[in-house]
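Peer 1: Every letter in the sequence shown is one number past the one before it in full-length UniProt numbering, and letter 401, counting from 1, is 401. The C-beta atom is built at its ideal place from N, Cα and C for all residues, glycine as well.
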Amino acid sequence: MIRVKPFKGVRPAKEYAKKVASFPYDVINSQEAKEIAKGNDYSFLHVVKPEIDLPEGTNIYDDKVYQKGRENYDRLKEQKVLIKDEEPSFYIYREKMGNVEQKGLVVCCHIDDYLENRIKKHEHTRTVKEEDRIKHVQTIDANTGPVFLTYRRNNEIQHIIEYFMKNNAPEYDFKSDDGIEHTFYKISDQSIIEKIIGLFNSIDSLYVADGHHRSAAAAKTGERRREANENHTGNEEYNWFLTIIFPHDELYIMDYNRVVKDLNGNSEDQFIEKVKQDFYLEPKDSKYSPEDQKSFGMYLGGKWYKLTAIEDRYDKEDVIESLDVAILQKNLLTPILDIGDPKTDERIDFIGGIRGLEELERLVDSGKFKVAFAMHATAIEQLMDVADMDKVMPPKSTWFEPKLRSGMISHDLS
């Protein structure tokens, strides 16, 4: 049984929506954020990346950063750029990128559903990043970035969403500079709200698609506030956190590619011979993007190759070991290139598929990296299977597009 709750969303006045909406805090760095927000005092980057308003070189974990985020959030409210809805509502957030269209419900989920694993995870979180998000939430007193959740499609819920969109005008409808269409609706009809609540009560599980640190921080913030509140009743807003829930079959997972700085002392010929021990290798005349799972593109020395995993070199029955990212890690990155922990090894980097194979070529041709691997995208069903078994995906397994924009909606905790 999944609990969802309507809430009084904090969101842009209609005329400011496009200016406010920003990339999430964790997909761009501080310098990129500063450049994007230049000349736009309304950008939500001033809230989720507030170091852009502090002196160059400020530690992003300095207390001043979180205080600046609170100051900017309050400023946008005072200027009536952000307005809090008067009645608790659900919302619909539709994104369209080319032929990809996803329509999700914006709701608050209960932290106990997260803590008791009805909202399932597929990644480990890092303490330093959790603490960063906890400080952000605690200082601003709001969830300013939604957690991206998915669930196995429920046709009744999707029918409500599509019927509502067909028969109601959106609150916002704009195209961001990267060409993605954003459409946003508000549901305040109590009968529809109650119907949605009832339908989610019949659902067993939700899955964190993106936002593991945000969801962990929301839950731990709630736990800390419970402990600190002698008059805790269970009805406080900190028991709930901001989410957007999409059906699994509308999500688009792109490839999450790898580039490595050196060949671990091997010449190119030596490296290729070692690769052939666990992969069939086929030279290609042009860029190669894998058409199927268990195959990989490799760019080395100005040439593309197709690698196909040899079947008896991995466990086909193991839900983790049979993932492409695990096969590449276990049969190539670790034994040949000596990359043990891809999360911490500075010799490897990860490139979202949205940047294309050209970016892999550019990085290798520049001399900064020696070899690149183009991956086949992980399937959403694989992610859910892993989470159902209480296991975790290997690092950097999924890259979701389009990204949710921050600032479209926030959830105040008091």
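#1: Just the C-alpha distance for Val128 and Lys284, rounded to the nearest angstrom, thanks.
#2: What residue does the alpha helix (DSSP H) around Ile336 start on, and which one ends it?
#3: Below 8 Å between beta carbons: does that hold for Phe241 and Val106?
#4: Output needed for Phe369: all residues of its chain with C-beta closer than 7 Å, excluding positions within five of it in sequence on either side, in chain order.
#5: With distances taken Cα to Cα, identify the nearest neighbour of Ser188 among Asp388, Pro6, Gln382, Gly407.
#6: For a quick check, are the C-beta atoms of Lys38 and Leu54 less than 8 Å apart?
#7: Below 8 Å on the Cβ atoms is my contact criterion, and I expect Glu95 with Glu227 to pass it. Report the Cβ-Cβ distance as a whole number of Å.
#8: Do Asp269 and Val319 come within 8 Å of each other at the CB atom, strictly closer than that value?
#9: Report the CB separation of Ser205 from Arg118 in whole angstroms; it is logged as a contact under 8 Å.
#10: Give a yes or no on whether the C-beta atoms belonging to Tyr299 and Glu358 are separated by under 8 Å.
#11: Out of Tyr256, Lys274, Ile272, which has the shortest C-alpha to C-alpha gap to Pro290?
#12: Does DSSP classify Ala309 as helix, strand or coil?
#13: Where does Gly353 land, buried or exposed, given buried means 16+ other C-beta within 10 angstroms?
#14: Residues in the same chain with beta-carbon distance under 8 Å from Thr334, minus the five sequence neighbours each way, listed in chain order, please.
#15: Output needed for Ala326: all residues of its chain with C-beta closer than 7 Å, excluding positions within five of it in sequence on either side, in chain order.
#16: Within 10 angstroms of its Cβ, does Asp390 collect 16 or more other Cβ (buried), or is it exposed?
#17: What residues in its chain sit with their C-beta under 7 Å from that of Gln158, if we drop five residues either side in the sequence?
#18: Does the region 80-88 come into contact with the region 213-222, if we say contact requires no fewer than three beta-carbon pairs (one atom in each stretch) closer than 8 Å?
#19: Who are the near neighbours of Tyr252 in its chain, counting only those whose CB is closer than 6 Å to its CB and skipping five residues on each side?
#20: Determine the closest residue to Asn229 out of Ser414, Pro170, Asn40, Phe296, with distance taken between C-alpha atoms.
#21: Using DSSP's beta-bridge definition, name the partner residues of Val259.
#22: So, with DSSP's three-state summary, where would you put residue 418?
#23: First and last residue of the beta strand (DSSP E) that includes Met165?
#24: Just grab the DSSP bridge partners of Arg118 for me.
#25: Consult DSSP for His232 and reduce its assignment to one of helix, strand or coil.
#26: In the DSSP assignment, what residue or residues form a beta bridge with Pro283?
#27: What does the alpha-carbon distance come out to for the pair Ser43 and Val20?
#28: Taking Ile161 as the reference, which of His122, Cys108, Tyr93, Arg225 has the closest Cα?
#29: From Asp292 to Ile380, what distance separates their C-alpha atoms?
#30: Using the Cβ count rule (16 or more neighbours within 10 Å means buried), how would you classify Thr221?
#31: Output the boundary residues of the beta strand (DSSP E) element that contains Gly104.
#32: Rank Glu87, Arg347, Ile60, Ser30 by C-alpha distance to the C-alpha of Gln190 and give the top, closest one.
#33: What residues match up with Tyr16 in a beta bridge as DSSP calls it?
#34: Would you call the CB atoms of Asn143 and Ser410 closer than 8 Å?
#35: Assign Lys343 to one of two classes, buried (16 or more other C-beta atoms within 10 Å of its C-beta) or exposed (fewer than that).
#36: Between the C-alpha atoms of Val371 and Asp278, what's the straight-line distance to the nearest angstrom?
Peer 2: Answer, in terms of the structure:
#1: Mapped onto the sequence shown, residue 128 falls at position 128. Mapped onto the sequence shown, residue 284 falls at position 284. Taking the straight line joining both Cα atoms gives about 43 Å.
#2: Position 336 of the sequence shown, counting from 1, holds the residue named residue 336. Run containing Ile336: none; DSSP gives neither H nor E here.
#3: Start at 1 with the first residue of the sequence shown, and residue 241 comes out as number 241. Start at 1 with the first residue of the sequence shown, and residue 106 comes out as number 106. Val106 is positioned such that its CB atom lies no closer than 8 Å to that of Phe241.
#4: Position 369 of the sequence shown, counting from 1, holds the residue named residue 369. Result list for Phe369: Val259, Val260, Lys261, Leu363, in chain order.
#5: Position 188 of the sequence shown, counted from the first residue, corresponds to residue 188. The candidate whose alpha carbon is nearest that of Ser188 is Pro6.
#6: Residue numbering aside, residue 38 sits at position 38 when the sequence shown is read from its first letter. Residue numbering aside, residue 54 sits at position 54 when the sequence shown is read from its first letter. No, Cβ-Cβ distance for Lys38 and Leu54 is not below 8 Å.
#7: Start at 1 with the first residue of the sequence shown, and residue 95 comes out as number 95. Start at 1 with the first residue of the sequence shown, and residue 227 comes out as number 227. Their Cβ separation, rounded to whole angstroms, is 37 Å, which puts Glu95 and Glu227 out of contact at 8 Å.
#8: Within the sequence shown, the letter at position 319 stands for residue 319. Within the sequence shown, the letter at position 269 stands for residue 269. Not closer than 8 Å, so no.
#9: Taking the first residue of the sequence shown as position 1, residue 205 is located at position 205. Taking the first residue of the sequence shown as position 1, residue 118 is located at position 118. Between the beta-carbon of Ser205 and that of Arg118 there is about 6 Å, and that keeps the pair under the 8 Å contact cut.
#10: Position 299 of the sequence shown, counted from the start, is the residue given in the question as residue 299. Position 358 of the sequence shown, counted from the start, is the residue given in the question as residue 358. The answer is no: Cβ separation not under 8 Å.
#11: Looking up residue 290 in the sequence shown gives position 290. Per the Cα distances, Tyr256.
#12: What you label residue 309 is simply residue 309 of the sequence shown in a count that begins at 1. DSSP places Ala309 in strand when its eight states are reduced to three.
#13: Your numbering for residue 353 matches position 353 in the sequence shown. Of the residues assessed, Gly353 falls on the buried side of the cut-off, its CB having 16 or more other CB atoms within 10 angstroms.
#14: Indexing the sequence shown from 1 puts residue 334 at position 334. Answer for Thr334: Gly340, listed in chain order.
#15: Position 326 of the sequence shown holds residue 326. Hits under 7 Å: Ile320, Pro394.
#16: In the sequence shown, counting from the first residue as 1, residue 390 sits at position 390. Result: exposed.
#17: Residue numbering aside, residue 158 sits at position 158 when the sequence shown is read from its first letter. For Gln158, where only same-chain residues beyond five positions count, the Cβ hits under 7 Å are Pro247.
#18: The region 80-88, when compared against the region 213-222, does not touch it at the 8 Å Cβ threshold.
#19: Your numbering for residue 252 matches position 252 in the sequence shown. Excluding residues within five positions, the ones whose Cβ falls inside 6 Å are Val100, Glu401.
#20: Position 229 of the sequence shown, counted from the first residue, corresponds to residue 229. Checked all of Ser414, Pro170, Asn40, Phe296; the closest Cα to Asn229 is Ser414.
#21: As a working mapping, residue 259 is identified with position 259 in the sequence shown. Beta-bridge pairing links Val259 to Asp349, Ala372.
#22: Only positions 1 to 414 of the chain appear in this structure, which leaves residue 418 out of reach.
#23: For the purposes of this step, residue 165 is identified with residue 165 of the sequence shown, where counting begins at 1. Looking at the DSSP string, Met165 is not in any beta strand (DSSP E); the run it does join, the alpha helix (DSSP H), is 155-167.
#24: Position 118 of the sequence shown holds residue 118. For Arg118, which the question treats as bridged, DSSP gives no partner whatsoever.
#25: By one-based count along the sequence shown, residue 232 stands at place 232. Residue state, collapsed to three classes: coil.
#26: As a first step, residue 283 must be located in the sequence shown, where it is residue number 283. In the DSSP output, where bridge partners are listed per residue, Pro283 has Tyr305.
#27: Residue 43 sits at position 43 when you count from the first residue of the sequence shown. Residue 20 sits at position 20 when you count from the first residue of the sequence shown. Roughly 4 Å between the two C-alpha positions.
#28: As a working note, residue 161 is residue 161 in the sequence shown. Ranking the options by Cα distance to Ile161, first place goes to Tyr93.
#29: For the purposes of this step, residue 292 is taken as residue 292 along the sequence shown, with counting starting at 1. For the purposes of this step, residue 380 is taken as residue 380 along the sequence shown, with counting starting at 1. Counting only the Cα atoms, Ile380 lies some 15 Å from Asp292.
#30: Locating residue 221 in the sequence shown gives position 221, counting from the first residue. So Thr221 counts as buried.
#31: Taking the first residue of the sequence shown as position 1, residue 104 is located at position 104. 100-110 is the span of the beta strand (DSSP E), which, as asked, contains Gly104.
#32: What you label residue 190 is simply residue 190 of the sequence shown in a count that begins at 1. Looking at the Cα atoms, Glu87 is the closest of the given residues.
#33: Taking the sequence shown and counting its residues from 1, one reaches residue 16 at position 16. In DSSP, Tyr16 forms no bridge with anything.
#34: By 1-based counting over the sequence shown, the position of residue 143 is 143. By 1-based counting over the sequence shown, the position of residue 410 is 410. Against a cut-off of 8 Å, the Cβ pair of Ser410 and Asn143 comes out as a contact.
#35: As a position in the sequence shown, residue 343 is number 343, starting the count at 1. Under this definition Lys343 is an exposed residue.
#36: Along the sequence shown, one-based indexing puts residue 371 at 371. Along the sequence shown, one-based indexing puts residue 278 at 278. Rounded to whole angstroms, Val371 to Asp278 spans 17 Å at the Cα level.
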